[in-house]
Amino acid sequence: KYRDALAGFSANGFTRVPSMPMTRLTLNFRDFDDYLAHLSYGTRKSLRRKFRKTERAAKIDLEIVSDITPYLDEVYPLYLAVHERSPMKFEKLTKEYLAKLGQLMPERVRFFIWRLDRRIIAFSICMVHHGTIYDEYLGLDYSVALDLHLYFYTLRDILRWAIDHRLTFYCSSPLNYDPKLHLGCDLAPLDLYVRHTQPLLNPIFSRVVKLLEPTRHDPVLPKFANAAELYG
Numbered sequence: 003k004y005r006d007a008l009a010g011f012s013a014n015g016f017t018r019v020p021s022m023p024m025t026r027l028t029l030n031f032r033d034f035d036d037y038l039a040h041l042s043y044g045t046r047k048s049l050r051r052k053f054r055k056t057e058r059a060a061k062i063d064l065e066i067v068s069d070i071t072p073y074l075d076e077v078y079p080l081y082l083a084v085h086e087r088s089p090m091k092f093e094k095l096t097k098e099y100l101a102k103l104g105q106l107m108p109e110r111v112r113f114f115i116w117r118l119d120r121r122i123i124a125f126s127i128c129m130v131h132h133g134t135i136y137d138e139y140l141g142l143d144y145s146v147a148l149d150l151h152l153y154f155y156t157l158r159d160i161l162r163w164a165i166d167h168r169l170t171f172y173c174s175s176p177l178n179y180d181p182k183l184h185l186g187c188d189l190a191p192l193d194l195y196v197r198h199t200q201p202l203l204n205p206i207f208s209r210v211v212k213l214l215e216p217t218r219h220d221p222v223l224p225k226f227a228n229a230a231e232l233y234g
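First residue of the sequence shown: 3, per my numbering; consecutive thereafter.
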């Protein structure tokens with residue numbers, strides 16, 4: 003839809019190239035078990051095994067809040083831990099930003115907080131807007147995150163909440179595409195519009211930039227059913 007609105011850029015010398023896309027899951031399920039039933043046998047079996055292992059190993063409690071301020075000192079290092087492990091880094095959020103989110107948009111922001119023995123071991127920053135939940139940022143305590151399969155455990159809780167609240171879509175941020183492919187997600191394209199500052203060089207630049215755009219180098223993206231939409 004936004005491509006029609008931004009068509010004026012292409013008409014004025016800008017070249018549209020795909021950026022790293024978000025992913026989107028349509029939440030047309032009765033509950034989380036119904037969602038699992040729509041996945042492949044191998045993925046479904048793997049997820050259930052992970053959930054059983056986590057539940058046998060620990061009792062994890064979930065709290066959902068719209069103001070993260072009281073917990074900032076606990077959750078911010080978990081956010082930084084995930085940020086620093088990422089091979090492709092975008093902006094680094096500040097404590098002040100996280101606090102302002104809840105203060106300025108309490109009706110839209112949801113912070114999911116997971117605790118083990120009262121200690122926060124994971125949290126997720128989500129936005130809810132027009133029937134869609136956007137899972138934006140994740141923080142993990144890596145001393146337990148891998149053994150407890152917290153990436154999948156936290157995703158399960160967010161999807162359960164979204165389905166229970168009758169939301170239409172779940173969207174997650176770019177990167178880490180392999181698990182999202184197996185979890186039944188589609189791509190949600192994001193575009194860049196670029197042009198050279200020197201008009202004489204722009205015709206050459208418009209050809210070269212298509213060879214440099216980042217999606218060409220991700221081996222998983224072409225496996226998504228709607229991968230052609232990145233370039234369409």
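For every residue, glycine included, the Cβ atom is placed at its ideal position computed from N, Cα and C.
Can you name, in chain order, every residue of its own chain whose Cβ lies under 6 Å from the Cβ of residue i, other than the five neighbours on each side?
i    : result
D69  : G104
Y155 : T56
Is it buried or exposed for residue i, if we count other Cβ within 10 angstroms and need 16 for buried?
i    : result
V111 : buried
I206 : exposed
V210 : exposed
K182 : buried
E215 : buried
L148 : exposed
I165 : buried
Could you give the C-beta distance for residue i and residue j, rounded to a whole number, given that I count them as a contact under 8 Å?
i    : j    : result
S126 : M24  : With a Cβ gap of about 15 Å, S126 and M24 do not count as contacting.
T134 : C173 : 6 Å
L41  : F171 : Not quite, the Cβ-Cβ distance comes to about 17 Å (not below 8 Å), so this is no contact.
F34  : R158 : 6 Å
According to DSSP, which residues form a beta bridge with residue i?
i    : result
F113 : V67 and I127
I122 : R117
M24  : A190
L140 : S126
V196 : T17
I135 : V130 and Y172
Looking only at its own chain, which residues have a Cβ that is under 8 Å from the Cβ of residue i, when we skip the five neighbours before and after it?
i    : result
I160 : F114, S126, C128, I135, D137 and Y172
Examine the Cβ distances between the stretch 138-152 and the stretch 117-124 and report whether three or more of them are shorter than 8 Å. yes
When the Cβ atoms of the stretch 215-234 are set against those of the stretch 186-194, are three or more pairs found closer than 8 Å? yes
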